[in-house]
Ligand code: NDP
């Protein structure tokens, strides 16, 4: 008789948890997963995937505008939020089903309930059932941080944005990070009047300043309002259902929805970490070593709950490395260098490596190459928006230290450029590559 009910009990069936469960099972482990919401987690259910579909849906506004310049007559244009929302949510249902099938085909048992830790090798389900496991993996992710001001209960997080009854006529977005910029872009394109409220004059803090400046310029040109150095004092619900927002100046702002996008906290409340002596950082994040092991020998943690890099592909790598290390006889760690990232704003921006400021601080002498160009597709547009690509190069070795881009399809192009950075290529290697003409990507091999 085995000593434990399972070899591995995973709490949380998001990107990291599902990958870890599947790979551990394929290494022969007896695996169970508990998920209190929906299989798929933030990325699939209420994050990256449905968000990207909304981005695609909203981009038709721009595309249809372009179409007219290219000679198409488009009559009777109209947009129906409920159609887009329901299409997106039905695809999320489909994906949730696929994730469930993957777990089932690997003989991973799924408990659709909350699980809490009761000891170094045990969990309790909401039903009260105790389960023992040789190893426990915490992969519960993060949850939107909601600031504390009177009336915050009238505001929503990104979780609710996918289920809005109606398209807001006026939307206020609080924060200047990924979620704020992406939803501001989506709803501005869909026709809402969008106001971004940010506590400083800096948005997208981790991105190259010049690229962010270009994004701000374009966003304002497209009609998004920015209230910098502002924060909400209170929100009141009016008789007509509208929200009255006090920003500390004379007039209260009337909007239909207030989206709070001020970061996400590790979702550790009530998880029972104290029952197994699992150490936490000041912000609640679970502290782990490079093998994702916590301070409790048999308990591991991956993904956003560890607050290393809050990105899906990183959580997946951490989950996979955990499974190979613990059950695959192949101890390995995750390489966190040169992680590419993108903001699916409109236009999107994408980045890998050091920003110009970071590179100057680290290397001293760097060369910056850039291309400030008008994408061909925009030539007939009423708003002549320009793309901007930047390459940061170490002056001594010629090695590329960072690439930063804003413009149509920037994330699609940057993914490939990230391979070059990861491979340690020099600017010369880009120069030696023949341009693919006409394309936007060719700017990368023509940088002066
Ligand atoms: P971000 O960390 O990107 O941005 C948070 C924003 O809120 C910042 O502008 C920050 O300002 C501001 N802020 C923080 N606390 C407060 C506060 N108390 N009052 C007012 N403003 C505040 O968080 P998001 O919520 O946008 O996204 C969460 C995470 O999800 C991201 O870190 C990212 O890793 C991930 N994500 C990734 C996406 C992608 O890859 N495309 C898309 C969406 C999310 P300041 O800069 O001054 O601190």
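In the numbering used here, the protein residues as written are 874 to 1321.
Cβ coordinates follow ideal geometry from the N, Cα and C atoms, glycine included.
From the DSSP output, which residues share a beta bridge with residue i?
{"i": "residue 953", "result": "Paired residue(s): none; residue 953 is not in a bridge."}
{"i": "residue 1099", "result": "1069"}
{"i": "residue 1017", "result": "1137"}
{"i": "residue 1153", "result": "1159"}
{"i": "residue 1262", "result": "1244, 1278"}
{"i": "residue 1215", "result": "1223"}
{"i": "residue 992", "result": "995"}
{"i": "residue 1234", "result": "Residue 1234 pairs with nothing; no bridge assigned."}
{"i": "residue 1272", "result": "1299"}
{"i": "residue 1172", "result": "1009"}
Just verifying my parser: in three-state terms, what is the DSSP assignment at residue i?
{"i": "residue 1139", "result": "strand"}
{"i": "residue 889", "result": "helix"}
{"i": "residue 1003", "result": "strand"}
{"i": "residue 1130", "result": "strand"}
{"i": "residue 901", "result": "coil"}
{"i": "residue 1298", "result": "coil"}
{"i": "residue 1115", "result": "coil"}
{"i": "residue 1033", "result": "helix"}
{"i": "residue 998", "result": "strand"}
{"i": "residue 884", "result": "strand"}
{"i": "residue 1331", "result": "Examination of residue 1331 is not possible in this model, given that the chain is present from 874 through 1321 alone."}
{"i": "residue 1104", "result": "coil"}
{"i": "residue 1109", "result": "strand"}
{"i": "residue 1043", "result": "strand"}
{"i": "residue 1059", "result": "helix"}
{"i": "residue 959", "result": "helix"}
{"i": "residue 1322", "result": "Nothing about residue 1322 can be reported from this structure: the residues present for the chain run from 874 to 1321 only."}
{"i": "residue 910", "result": "coil"}
{"i": "residue 1146", "result": "helix"}
{"i": "residue 966", "result": "helix"}
{"i": "residue 1087", "result": "helix"}
{"i": "residue 939", "result": "helix"}
{"i": "residue 1080", "result": "coil"}
{"i": "residue 1291", "result": "helix"}
{"i": "residue 1318", "result": "helix"}
Taking all protein chains shown into account, do 16 or more other C-beta atoms lie within 10 angstroms of the C-beta of residue i, making it buried, or fewer, making it exposed?
{"i": "residue 1206", "result": "exposed"}
{"i": "residue 1195", "result": "buried"}
{"i": "residue 1307", "result": "exposed"}
{"i": "residue 942", "result": "exposed"}
{"i": "residue 1167", "result": "buried"}
{"i": "residue 1245", "result": "exposed"}
{"i": "residue 1209", "result": "exposed"}
{"i": "residue 1292", "result": "exposed"}
{"i": "residue 1085", "result": "buried"}
{"i": "residue 1162", "result": "exposed"}
{"i": "residue 1303", "result": "buried"}
{"i": "residue 1142", "result": "exposed"}
{"i": "residue 974", "result": "exposed"}
{"i": "residue 1219", "result": "buried"}
Using CA coordinates, which residue listed in the options is at the minimum distance from residue i?
{"i": "residue 890", "options": "905, 876, 879", "result": "905"}
{"i": "residue 924", "options": "895, 964, 910, 946", "result": "964"}
{"i": "residue 1013", "options": "1180, 1086, 1042, 1113", "result": "1180"}
{"i": "residue 1018", "options": "1139, 1228, 1039", "result": "1139"}
{"i": "residue 1261", "options": "1286, 1004, 1055, 1010", "result": "1286"}
{"i": "residue 926", "options": "959, 900, 913, 897", "result": "959"}
{"i": "residue 1113", "options": "993, 1130, 1209", "result": "1130"}
{"i": "residue 1022", "options": "974, 1047, 1241, 1034", "result": "1047"}
{"i": "residue 1124", "options": "1000, 1136, 1095, 1106", "result": "1106"}
{"i": "residue 1152", "options": "983, 1174, 920, 1132", "result": "1174"}
May I ask you to check if the CB of residue i is nearer than 6 angstroms to at least one heavy atom of ligand 1?
{"i": "residue 1135", "result": "yes"}
{"i": "residue 1073", "result": "yes"}
{"i": "residue 1020", "result": "yes"}
{"i": "residue 913", "result": "no"}
{"i": "residue 1190", "result": "no"}
{"i": "residue 842", "result": "There is simply no residue 842 to check, as the chain begins at 874 and stops at 1321 in what is shown."}
{"i": "residue 1183", "result": "yes"}
{"i": "residue 919", "result": "no"}
{"i": "residue 889", "result": "no"}
{"i": "residue 1349", "result": "Nothing about residue 1349 can be reported from this structure: the residues present for the chain run from 874 to 1321 only."}
{"i": "residue 1078", "result": "yes"}
{"i": "residue 1176", "result": "no"}
{"i": "residue 1014", "result": "no"}
{"i": "residue 1001", "result": "no"}
{"i": "residue 1058", "result": "no"}
{"i": "residue 1049", "result": "yes"}
Return no unless some Cβ of chain C is closer than 7 angstroms to the Cβ of residue i.
{"i": "residue 1052", "result": "Looking at the structure shown, chain C is missing, and only one protein chain is on hand."}
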